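**Q** In UniProt numbering, the protein residues as written are 1 to 835. Note that CB positions come from ideal geometry on N, CA and C, so glycine has one too. Computed from a predicted model, the values in this text were never measured in an experiment. Below you'll find the structure I mean.
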Amino acid sequence: MASIGLSVPPGLTISTEACEEYQKKNGKKLPDGLWEEILDGLKIVEKEIGAFLGDPSKPLLLSVRSGAAISMPGTMNTVLNLGLNDEVVAGLAAKISILTCRYAFTFFFKFLKILFVLKVMGIPHSSFGEKLENLKNVKGVKLDTELTASDLKELIEQYKDVYLKAGENFLQVPYNGYAFDTARYVSDMPNKYPIIYLFISNFVYGRMEKDTAGFKTQFLEDPKKQLQLAVQAVFDSWDSPRAIKYRSINQITGLMGTAVNIQCMVFGNIGNTSGTGVLFTRNPSTGEKKLYGEYLVNAQGEDVVAGIRTPEDLDTMKSAMPDAYKELVENCEILEHHYKDMMDIEFTVPESRLWMLQCRSGKRTGKGAVKIPVDMVNEGLIDARTAIKMVEPQHLEQILHPQFEDSSTYKDKVIAKGLPASPGAAMGQIVFSADDAEAWHAQGKSVILVRTETSPEDVGGMHAASGILTARGGMTSHAAVVARGWGKCCVSGCSDIRVNDAEKVVVIGDKVISEGEWLSVNGSTGEVTWVMANADTPDDVLIARNNGAEGIGLCRTEHMFFASYERIKAVRKMIMAVTLEQRKTALDVLLPYQRSDFEGLFSAMDDPPLHEFLPEGDLGEIVSELTKDTGMTEDEVYSKIEKLSEVNPMLGFRGCRLGISYPELTEMQVHAIFQAAVSMSSKGVTVLPEIMELGHQVNLIRSVAKKVFSEMGSSLSYKIAEEAEFFSFGTNDLTQMTFGYSRDDAGKFLPIYLSQGILQSDPFEVLDQKGVGQLIKIAMEKGRRARPSLKVGICGEHGGEPSSVAFFAEVGLDYVSCSPFRVPIARLAAAQGAL
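In structure tokens, the structure reads:
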């Protein structure tokens, strides 16, 4: 931003290579020579800004932030207001007249809390948030800025209790070799800075008086030592549990580490002519070309991002600070044209002057991700090739997420309303911690994570939850940004609710809702309801066609049989048949069902595993019915059911194995296929059947085809796989056979394999290219040597997984087949692979 002429606070960047070297060093020490380079860079910054780190007469304060090559919002450490000690606070107060005792306290205390409490002692942020909220309620104020100096004294006492309970002996042990020189903090502070004095004397000095002799600290009095430790804290956070979890969830690999950005602090919390904000250059939910953001008067950036205060719409800045707002709009246009993308921007306005703090490609929902590049093509900002590469496959998945029906159908059930932070519909049992969300999700439960506000430590639970509901925070808060990036339904800033983490309840009006009860959240409207309206879904084939499918690669038939009880009865009769005549009688009943289904659908369905049609549990009534229909005794029926039961049906008695055992079944199905195909072809529908069978049954298929063509006086082209006219790989079953894993049982150990790095991804979700992929490649190469025109494709959910589709395209497959809702994702992945 500085290079293209925008107002950016001076600073310097430590590269990701330095982080990588730091992580490798024993004891995690800064790489040789790095500290000296940082000091040299700091001198340039000091000269440019005309202020100096640690100089009370011209005080320079710094922010120390992370900066990885791929955006990881809120997952790594940030230290603000670095450079404060008692002398610098005095100098700062003298330099900026508005800096009363209260502001001095704010800067200093935030710095100490961030660095020593949140970053070192590991006390949860919620421990402080609860105390602050309770005090505001007692004092009858809504904003923390409305608390008086006297109120803040009271708050410090409460915070002190939190510190003492969380780390009783912490302050008696030097941190990284540095401790506190307490004498400097009790000399002349009581009269000048009573709030800071209260904090220092009652807490720091009080906890260290037992062992002052061993402390020769430089930390609080030496801002450069603060800087050194802050740099290390940012590097250390690269391997924090929340950062590791975020990278795992988003499959971010191969990065060296994080950069560290050291930048001059500019203050948005020094009065009503100051403020801070976060915005997107376009609406990240809808893609609309309009600034979408929030703004807080008299606040620092973390207040907006962390959701500590619920901010106001950006339009309030337009009237309050028109000049700064005008410059901000101009800067947004410059950045979009420079980066050719929708940008996420943080800015601060100290005393009406605009400073641009950060910009990055903005996280967006599926709808926004599709509309934004299309609009940019129409605006002449990018070309179509660039637009295709901007959309990620998961964006298309988000578009297909469940949505509520017309909200008027449940208006009387709405119990609260917040901000529509991330669109979609979600229903689940409420939980109050990220750990519980993950644990309940692992048990197969749908959960709604309810928090006062989320923090980076919550990312695992946020990902596990079906939806997120927060009491505080705006449209650009941590919860909102992360949820939109994942396509999670989120309602933020819901001031109607009060969250009690300790008792695991949320109070909404006169209702007290406990953990485990059910809520629905509408991320498109911000409504919280007791019920969710079900949405109807169109026929699978129509969905596939509308989503761009060019054909059906796999046709499953068991869903046809499940369509009615009469069909199930006929299938059971066929299974239980003792004689060929009984079996043919049952198949004659099924034939018209199959024919009409193929005519009306030609849809995606599979050969039926027999166990699915036989009853489990209390068999009584059904067994009696089967004995009546088949003439078998009850003992014979029970014996047949027992023989057909399978440990792993996915590799059991199904598909061509059924046809070999019962050729009349193959005959019936082929008869239905060709009758339907000829019938639809005569109506002008182009039908090109491809039948996957072994050579053992080829003659039977051809014989039936000839018979049908003769009966109907018409014929058409068709292919049979065994004749090497086409190959279609069922990648899920191929993965089972290759790995020796049962899909039904792999869930017990796959998570362990993934966490320990034995596997990089679930092979049933992402194709194993080195093993299964090579088998496909070998078969394809040998097949095409025998028949150069051989058509080769795959069927199964790997056909909708982007990296797998890219592999299939690379090795030369002709097509992939996948479920209807994944067709757009497969098409996008194929287009991106081609580009």
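So, with DSSP's three-state summary, where would you put P322?
**A** By 1-based counting over the sequence shown, the position of residue 322 is 322. It is helical.
**Q** Label V685 either buried or exposed according to how many other C-beta atoms from any shown protein chain fall within 10 Å of its C-beta, with 16 as the threshold for buried.
**A** Counting from 1 along the sequence shown, the entry for residue 685 is found at position 685. Result: exposed.
**Q** Cutting at 8 Å between CB atoms, please list the residues of its own chain near S15, excluding the five before and the five after it.
**A** The residue you call residue 15 lines up with position 15 of the sequence shown. Result list for S15: A259, in chain order.
**Q** One question on the structure: do E351 and I270 come within less than 9 Å of each other, judged by their Cβ atoms?
**A** Within the sequence shown, numbered from 1, the residue matching residue 351 stands at position 351. Within the sequence shown, numbered from 1, the residue matching residue 270 stands at position 270. For E351 and I270, yes; Cβs fall inside 9 Å.
**Q** Determine whether the beta carbon atoms of P689 and F674 lie at a separation below 9 Å.
**A** In the sequence shown, residue 689 corresponds to position 689, counting from 1. In the sequence shown, residue 674 corresponds to position 674, counting from 1. The answer is yes: Cβ separation under 9 Å.
**Q** Which of helix, strand or coil does DSSP assign to L12?
**A** Your numbering for residue 12 matches position 12 in the sequence shown. In this structure, L12 counts as strand in the three-state DSSP scheme.
**Q** Decide if I825 is buried, meaning its Cβ has at least 16 other Cβ atoms within 10 Å, or exposed.
**A** In the sequence shown, residue 825 corresponds to position 825, counting from 1. Buried.
**Q** Can you list, in chain order, the residues of its chain whose CB lies under 7 Å from that of I372, leaving out five sequence neighbours each side?
**A** Reading the sequence shown from its first residue, position 372 is the one you call residue 372. Result list for I372: R282, G287, M342 and R364, in chain order.
**Q** Give me the Cα-Cα distance between L665 and L587, rounded to the nearest whole angstrom.
**A** Residue 665 sits at position 665 when you count from the first residue of the sequence shown. Residue 587 sits at position 587 when you count from the first residue of the sequence shown. For L665 and L587, the distance between alpha carbons rounds to 7 Å.
**Q** I'd like to know whether the C-beta atoms of L229 and I38 end up nearer to each other than 9 Å.
**A** Taking the sequence shown and counting its residues from 1, one reaches residue 229 at position 229. Taking the sequence shown and counting its residues from 1, one reaches residue 38 at position 38. Not in contact: L229 and I38 (Cβ atoms no closer than 9 Å).
**Q** What is the DSSP secondary structure of E312, counted as helix, strand or coil?
**A** For the purposes of this step, residue 312 is identified with residue 312 of the sequence shown, where counting begins at 1. DSSP places E312 in strand when its eight states are reduced to three.
**Q** If I measure Cβ to Cβ from E346 and keep anything under 7 Å in the same chain, skipping five residues before and after, which residues do I get?
**A** In the sequence shown, the residue the question calls residue 346 occupies position 346. Excluding residues within five positions, the ones whose Cβ falls inside 7 Å are V278, G301, L357 and Q358.
**Q** Put F347 into one of helix, strand or coil per three-state DSSP.
**A** Numbered from 1 along the sequence shown, position 347 holds the residue referred to as residue 347. Correct three-state label for F347: strand.
**Q** Would you tell me roughly how many angstroms separate the C-alpha atoms of T212 and N272, rounded to the nearest one?
**A** Translated into positions along the sequence shown, residue 212 becomes position 212. Translated into positions along the sequence shown, residue 272 becomes position 272. Note that T212 has pLDDT 33, beneath the 50 cutoff, so the model's placement of it is unreliable and no number is given.
**Q** Measuring only the C-alpha atoms, how far is P322 from N732?
**A** If you number the sequence shown from 1, residue 322 lands on position 322. If you number the sequence shown from 1, residue 732 lands on position 732. Using only the alpha carbons, I get a separation of about 60 Å.
**Q** On the criterion of 16 or more Cβ atoms from any shown chain inside 10 Å, does L143 qualify as buried, or is it exposed?
**A** As a first step, residue 143 must be located in the sequence shown, where it is residue number 143. When all chains shown are included, L143 counts as exposed.
**Q** Secondary structure at A179, three-state DSSP: helix, strand or coil?
**A** Within the sequence shown, residue 179 is the residue found at index 179, counting from 1. Any reading at A179 is ruled out, since the residue's pLDDT is 35, under 50, leaving its predicted position unreliable.
**Q** Counting only runs of 4+ residues fully inside the stretch 438-484, write out the alpha helix (DSSP H) ranges in chain order.
**A** Entirely contained in the stretch 438-484, the alpha helix (DSSP H) runs reaching 4 residues are, in chain order, 459-464.
**Q** Report buried or exposed for C785, applying the criterion of at least 16 other Cβ atoms within 10 angstroms of its Cβ.
**A** On the sequence shown, position 785 is the one that residue 785 refers to. Note on identity: in this sequence residue 785 is Arg, with Cys being the wrong assignment. Answer is exposed; the Cβ neighbour count stays below 16.
**Q** With H, G and I counted as helix, E and B as strand and the rest as coil, what does DSSP make of Q769?
**A** On the sequence shown, residue 769 is found 769 positions in, with the first residue counted as 1. In the structure shown, Q769 sits in coil (DSSP, three-state: anything other than H, G, I, E or B).
**Q** Quick one, are the C-beta atoms of H671 and V698 less than 9 Å apart?
**A** Numbered from 1 along the sequence shown, position 671 holds the residue referred to as residue 671. Numbered from 1 along the sequence shown, position 698 holds the residue referred to as residue 698. Going by C-beta atoms, H671 is not nearer than 9 Å to V698.
**Q** Going straight from the alpha carbon of T633 to that of G771, what length do you get?
**A** On the sequence shown, position 633 is the one that residue 633 refers to. On the sequence shown, position 771 is the one that residue 771 refers to. If you take the alpha carbons of T633 and G771, they lie about 49 Å apart.
**Q** Roughly how many angstroms lie between the CA atoms of S715 and I249, to the nearest whole one?
**A** As a position in the sequence shown, residue 715 is number 715, starting the count at 1. As a position in the sequence shown, residue 249 is number 249, starting the count at 1. Approximately 52 Å, taken between the alpha carbons.
**Q** Would you report the Cα separation of L381 and A369, rounded to the nearest angstrom?
**A** Indexing the sequence shown from 1 puts residue 381 at position 381. Indexing the sequence shown from 1 puts residue 369 at position 369. Cα to Cα, L381 sits roughly 16 Å from A369.
**Q** On the criterion of 16 or more Cβ atoms from any shown chain inside 10 Å, does V512 qualify as buried, or is it exposed?
**A** In the sequence shown, counting from the first residue as 1, residue 512 sits at position 512. Under this definition V512 is an exposed residue.
**Q** Out of P73, V391 and R498, which one is the CA nearest neighbour of F432?
**A** The residue you call residue 432 lines up with position 432 of the sequence shown. The residue with the shortest Cα to Cα distance from F432 is R498.
**Q** Short of 6 Å in beta carbon distance, which residues of its chain neighbour S97, apart from the five on each side in sequence? Order them along the chain.
**A** Taking the sequence shown and counting its residues from 1, one reaches residue 97 at position 97. Any answer about S97 is weak, because its pLDDT of 46 lies below 50 and its placement is not dependable; what the coordinates show is given next. Excluding residues within five positions, none has a Cβ falling inside 6 Å.
**Q** To the nearest angstrom, how far is it from the Cα of D315 to the Cα of V414?
**A** Here residue 315 is taken as the residue at index 315 of the sequence shown, counted from 1. Here residue 414 is taken as the residue at index 414 of the sequence shown, counted from 1. So the alpha carbons of these two residues sit roughly 28 Å apart.
**Q** So does the stretch 418-429 actually touch the stretch 486-494, counting three or more Cβ pairs closer than 8 Å?
**A** At 8 Å Cβ cutoff, the stretches touch.
**Q** Please tell me whether, using a cut-off of 8 Å, the distance from the CB of S761 to the nearest non-hydrogen atom of the ligand MG is below it.
**A** The model on display carries no ligand, and the ligand MG is accordingly not part of it.
**Q** Should P751 be labelled buried (16 or more other beta-carbon atoms within 10 Å of its own) or exposed?
**A** Position 751 of the sequence shown, counting from 1, holds the residue named residue 751. Exposed, by the Cβ-count rule.
**Q** For the stretch 211-273, list the beta strand (DSSP E) runs that are entirely contained and at least 3 residues long, ordered along the chain.
**A** If we require 3 residues or more, the beta strand (DSSP E) runs fully inside the stretch 211-273 come out as 258-264.
**Q** Beta-carbon within less than 6 Å of E48's beta-carbon, same chain only, minus the 5 sequence neighbours each way: which residues are those?
**A** Position 48 of the sequence shown, counted from the start, is the residue given in the question as residue 48. Within the same chain, E48 has close Cβ partners P10.
**Q** Do you know offhand how far V805's Cα is from Q769's?
**A** Looking up residue 805 in the sequence shown gives position 805. Looking up residue 769 in the sequence shown gives position 769. Taking the straight line joining both Cα atoms gives about 11 Å.
**Q** Determine the closest residue to V89 out of M256, K58 and L754, with distance taken between C-alpha atoms.
**A** Stepping through the sequence shown from its first residue, residue 89 is reached at position 89. The residue with the shortest Cα to Cα distance from V89 is K58.
**Q** With 16 other CB atoms within 10 Å as the buried threshold, where does A834 fall?
**A** In the sequence shown, counting from the first residue as 1, residue 834 sits at position 834. By the 10 Å Cβ count, A834 comes out exposed.
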